[in-house]
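Peer 1:
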């Protein structure tokens, strides 16, 4: 016996359908307008340094402005007439989508140094999530750049063995997209909700984009030293401390290996732990908050003033 659909019953279903459509549209507009969904930083694969953000991007994600120049630096275009300092590293200095362009340590340093020296200074941001020094030196070797006054390599203890593996993460892993989702709701479900439901105990290092599976000391440290020496460019190592290291007041075994290499190579080293950093300046195990970015900038600025020769300036 079939059920007759009266006009009243059709009216109820029509209203429900309209309600669902309205809720979908409201959610779509909210996700796009207020959270920046469908405006993610896009990546590209590279045969020399695994991957890098695509060039010429201007994004707004979670209310934060994110911009990449034509060379995939998170900076303005290099100005050959300016004093250039290259800042190389991983997501610590890149900042990711949770750090606004103006809150980056490199942006702050560019502004402060320009005011201090009375001429334009660019502290360029050459970094990507989970990059190690081997990624950095490969980028420098394959990217034509004006000669900088100095290079600052930002490293953390996990970089000791975070070697390039070319595992093809771009377009495969959710945090390395190469194209935008067609719908914000689809991005919410596929990139955030489903992974949480299907893998609730996701490894913290994977969530942070950190790979520690490499074997042997990262050859990029020596590569950076050689790159700088051949070109007569001062190289400074900034040693960033992880949360566990801040708590105990010392770098772990991997960090000690990096520091031992730096001492043997005669590098000028600037250590977080020598400047009273706090766990409150990290948003997780390793990534700085806006306050943490300001602390990094302040530490470097003070070090440049105290040791100008290490950065290529006359005392």
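In my numbering, the protein residues as written are 9 to 323.
We put the CB at the ideal spot given by N, CA and C, even for glycine.
(1) So, helix, strand or coil for residue 283, using DSSP?
(2) Using a Cβ-Cβ cutoff of less than 6 Å, which residues in the same chain neighbour residue 303 once the five nearest sequence positions on both sides are dropped?
(3) Under the DSSP definition of a beta bridge, which residues are partnered with residue 133?
(4) Ordered along the chain, which non-local residues of its own chain (more than five positions away) have a Cβ less than 6 Å from that of residue 52?
(5) For residue 72, which of helix, strand or coil comes out of DSSP?
(6) Is it right to say residue 245 is buried, meaning 16 or more other beta carbons lie within 10 angstroms of its own, or is it exposed?
(7) Hey, which unbroken runs of the alpha helix (DSSP H) at 4 residues or more fall wholly within the stretch 140-176?
(8) State yes or no: is the C-beta of residue 68 within less than 7 Å of the C-beta of residue 47?
(9) So is residue 216 buried or exposed if we call it buried at 16+ other beta carbons inside 10 Å?
(10) Can you look up residue 309 in the DSSP assignment and give me helix, strand or coil?
(11) At the 7 Å Cβ level, is residue 173 part of the contact set with chain D, yes or no?
(12) For residue 186 and residue 198, what's the separation of their Cα atoms in angstroms?
(13) What is the DSSP secondary structure of residue 216, counted as helix, strand or coil?
(14) Check whether the Cβ atoms of residue 172 and residue 134 sit closer than 7 Å, and answer yes or no.
(15) Alpha carbon to alpha carbon, how far is residue 252 from residue 260? Give it in angstroms, no decimals.
(16) Tell me which same chain residues have a C-beta within less than 6 Å of the C-beta of residue 96, skipping the five on either side of it?
(17) Determine the contact status of residue 174 and residue 58, defining contact as a CB-CB distance below 7 Å.
(18) Check residue 301 in the structure and name its three-state DSSP category.
(19) For the stretch 28-45 against the stretch 119-133, are there 3 or more C-beta pairs whose distance is under 8 Å?
(20) Of all the options 284, 318, 238, 306, which has the alpha carbon lying nearest to the alpha carbon of residue 275?
(21) What's the call for residue 262, buried or exposed, on a 16-neighbour Cβ count within 10 Å?
(22) Would you mind giving the Cβ-Cβ distance between residue 308 and residue 250, rounded to the nearest angstrom? I have them listed as a contact below 8 Å.
(23) When DSSP labels each residue in this structure, what does residue 262 get in the three-state scheme?
(24) In this structure, how does DSSP classify residue 27 when only helix, strand and coil are distinguished?
(25) Among residues of its own chain, excluding the 5 on either side of residue 189, which ones have a beta-carbon nearer than 6 Å to its beta-carbon?
(26) Where does residue 90 fall in DSSP's three states?
(27) If contacts are defined as beta-carbon pairs under 8 Å, then residue 107 and residue 298 qualify, I think. What distance do you get, rounded to the angstrom?
Peer 2: In this structure, then:
(1) Numbered from its first residue, the chain shown carries residue 283 at position 275. Helix, per DSSP.
(2) Reading the chain shown from its first residue, position 295 is the one you call residue 303. For residue 303, where only same-chain residues beyond five positions count, the Cβ hits under 6 Å are 289.
(3) Translated into positions along the chain shown, residue 133 becomes position 125. According to DSSP, residue 133 bridges with 95.
(4) Counting from one through the chain shown, the residue named residue 52 turns up at place 44. Cβ neighbours of residue 52 beyond the five flanking positions: 62.
(5) Residue 72 sits at position 64 when you count from the first residue of the chain shown. Strand, per DSSP.
(6) In the chain shown, residue 245 corresponds to position 237, counting from 1. With 16 or more other Cβ atoms within 10 Å, it is buried.
(7) 141-149
(8) The residue you call residue 68 lines up with position 60 of the chain shown. The residue you call residue 47 lines up with position 39 of the chain shown. Taking 7 Å as the Cβ cut-off, residue 68 and residue 47 qualify as a contacting pair.
(9) Against the chain shown, residue 216 aligns to sequence position 208. Here the model assigns residue 216 a pLDDT of 45, short of 50, so the residue's position is not dependable and the matter cannot be decided.
(10) Working through the chain shown from its first residue, we reach residue 309 at position 301. Correct three-state label for residue 309: helix.
(11) Of the protein chains in this structure there is only one, and it is not chain D.
(12) Walking along the chain shown from the start, residue 186 turns up at place 178. Walking along the chain shown from the start, residue 198 turns up at place 190. Taking the straight line from one Cα to the other gives about 15 Å.
(13) Taking the chain shown and counting its residues from 1, the one referred to as residue 216 is at position 208. For residue 216, the predicted structure reports a pLDDT of 45, less than 50, and the residue's modelled location is therefore unreliable. A value from the coordinates is still provided. Residue state, collapsed to three classes: helix.
(14) Taking the chain shown and counting its residues from 1, one reaches residue 172 at position 164. Taking the chain shown and counting its residues from 1, one reaches residue 134 at position 126. No.
(15) As a position in the chain shown, residue 260 is number 252, starting the count at 1. As a position in the chain shown, residue 252 is number 244, starting the count at 1. So the alpha carbons of these two residues sit roughly 9 Å apart.
(16) Counting from one through the chain shown, the residue named residue 96 turns up at place 88. Once the five neighbours on either side are set aside, the close Cβ partners of residue 96 are 134, 144, 161.
(17) Within the chain shown, residue 174 is the residue found at index 166, counting from 1. Within the chain shown, residue 58 is the residue found at index 50, counting from 1. The answer is yes: Cβ separation under 7 Å.
(18) Residue numbering aside, residue 301 sits at position 293 when the chain shown is read from its first letter. In this structure, residue 301 counts as helix in the three-state DSSP scheme.
(19) no
(20) Within the chain shown, the letter at position 267 stands for residue 275. Closest by alpha carbon: 318.
(21) Here residue 262 is taken as the residue at index 254 of the chain shown, counted from 1. Buried: at least 16 other Cβ atoms inside 10 Å.
(22) Counting from 1 along the chain shown, the entry for residue 308 is found at position 300. Counting from 1 along the chain shown, the entry for residue 250 is found at position 242. Actually they are not in contact, since the Cβ atoms of residue 308 and residue 250 sit about 19 Å apart, beyond 8 Å.
(23) To locate residue 262, count along the chain shown from 1; it is residue 254. Note: residue 262 maps to helix in three-state DSSP.
(24) Residue mapping note: residue 27 aligns to position 19 of the chain shown, counting from 1. Correct three-state label for residue 27: helix.
(25) Start at 1 with the first residue of the chain shown, and residue 189 comes out as number 181. Excluding sequence neighbours, residue 189 sits near 46, 195.
(26) Taking the first residue of the chain shown as position 1, residue 90 is located at position 82. Coil, per DSSP.
(27) For the purposes of this step, residue 107 is identified with residue 99 of the chain shown, where counting begins at 1. For the purposes of this step, residue 298 is identified with residue 290 of the chain shown, where counting begins at 1. Right, the Cβ-Cβ distance comes to about 7 Å (below 8 Å), so this counts as a contact.
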